[in-house]
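K.L.:
Would you mind keeping the following structure in view while I ask a few things?
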Amino acid sequence: MQHGRFITFEGIDGAGKSSQIAAVVDILRARGCTVEQSREPGGTPLGERLRELLLHEPMNLETEALLMFAARREHLAARIVPALQAGNWVVCDRFSDATYAYQVGGRGLAREKFDALEAWVHPGLQPDLTLVFDLPPEIAAARVVSSGAQPDRFEREQRDFFERVRNAYLERAQAAPQRIRVIDANRPPEVIRAEIEQLVVERWFA
Ligand code: TYD
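Structure below.
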């Protein structure tokens, strides 16, 4: 059986990836694919409990990075790898590029520590495609505020934090242009959806 495909969505808070994730899942299912949708931190019972802590409990930067990767290890073992081995598609809201952007870029975790954790937790496995939703932090922040939800520990960060996160995503995309595609998220949702559909179709269904 053919190995499944792994697609991840990334971007600063408020970049508008949620509705586009649902659209990609619909596009794939309409083409007969079996799709597992998930998110990080989270995706498993343990991962969701770690998510609660990560989003709300103050902690040291390195603890934060370790817990992100602990949740990821569980997610890979319990869901992602079995799904891919069964030939299914996995569509995930965030993965290790988020740790690179938020913990290394945003918070200043040493790059070597990130590299070591990534090599430990998922050696030889990267998403087949990563879509980075890019837009200016001030526009993203306005979207977070207008959502009306209580902001979590990350969403309460200042604009310069999100500038660093954004730049780290762009830098990572430049280093892996085949895998990571930057999507201009400052456009109407239907325009973004059409671009993503074209990208997915060209890559796998043309
Ligand atoms: P997300 O699910 O996108 O938030 P929301 O449900 O509020 O849209 O992501 C949760 C937060 O966790 C987000 O602010 C980014 C952060 N995060 C990291 O800092 N590092 C990571 O490795 C991951 C996966 C997420």
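All residue numbers for the sequence shown refer to the UniProt record's numbering, where the first residue is 1 and numbers rise by one. A virtual CB, placed ideally from N, CA and C, is assigned to each residue, including glycine. Since this is a predicted model, take the numbers as computed values, not measurements.
Thinking C-beta only, is A140 closer than 8 Å to G14?
P.N.:
To locate residue 14, count along the sequence shown from 1; it is residue 14. To locate residue 140, count along the sequence shown from 1; it is residue 140. Cβ atoms of G14 and A140: closer than 8 Å.
K.L.:
Quick check: V90 and E10, are their CB atoms within less than 8 Å of each other?
P.N.:
The residue given as residue 90 occupies position 90 in the sequence shown. The residue given as residue 10 occupies position 10 in the sequence shown. No, the pair does not count as a contact, with Cβ atoms beyond the cut-off.
K.L.:
Got a sec, what are the start and stop residues for the beta strand (DSSP E) T8 sits in?
P.N.:
Along the sequence shown, one-based indexing puts residue 8 at 8. Segment 6-11, the beta strand (DSSP E) holding T8.
K.L.:
Indicate whether R166 and P137 have their beta-carbon atoms separated by less than 8 Å.
P.N.:
In the sequence shown, counting from the first residue as 1, residue 166 sits at position 166. In the sequence shown, counting from the first residue as 1, residue 137 sits at position 137. Yes, the pair counts as a contact, with Cβ atoms nearer than the cut-off.
K.L.:
Looking at the secondary structure, which residues open and close the beta strand (DSSP E) in which D152 lies?
P.N.:
Numbered from its first residue, the sequence shown carries residue 152 at position 152. Premise fails: D152 is in no beta strand (DSSP E) and is neither H nor E.
K.L.:
Using the three-state DSSP reduction, which class does R181 fall into: helix, strand or coil?
P.N.:
For this step, residue 181 is matched to residue 181 along the sequence shown. DSSP places R181 in strand when its eight states are reduced to three.
K.L.:
For residue 225, is the beta carbon positioned less than 7 Å from some heavy atom of the ligand TYD?
P.N.:
What the structure shows of the chain is the stretch from 1 to 206, and residue 225 is not part of that stretch, so it cannot be assessed.
K.L.:
Please determine, among R51, S96, A86, G32, the residue with the shortest C-alpha to C-alpha distance to W120.
P.N.:
As a working note, residue 120 is residue 120 in the sequence shown. Comparing Cα positions, the closest option is S96.
K.L.:
Could you tell me the distance, in whole angstroms, from the CA atom of I27 to the CA atom of E64?
P.N.:
Position 27 of the sequence shown, counting from 1, holds the residue named residue 27. Position 64 of the sequence shown, counting from 1, holds the residue named residue 64. When rounded, the distance between both Cα atoms is 34 Å.
K.L.:
Assign D160 to one of three DSSP states: helix, strand, or coil.
P.N.:
Counting from one through the sequence shown, the residue named residue 160 turns up at place 160. In this structure, D160 counts as helix in the three-state DSSP scheme.
K.L.:
In angstroms with no decimal places, state the Cα-to-Cα distance between V200 and R193.
P.N.:
By one-based count along the sequence shown, residue 200 stands at place 200. By one-based count along the sequence shown, residue 193 stands at place 193. Distance between the alpha carbons of V200 and R193 is about 11 Å.
K.L.:
Evaluate M59 with the Cβ neighbour count: other Cβ atoms within 10 Å of its Cβ, from every protein chain shown; 16 or more gives buried, anything less gives exposed.
P.N.:
One-based indexing of the sequence shown puts residue 59 at position 59. M59 is exposed by the Cβ-count criterion.
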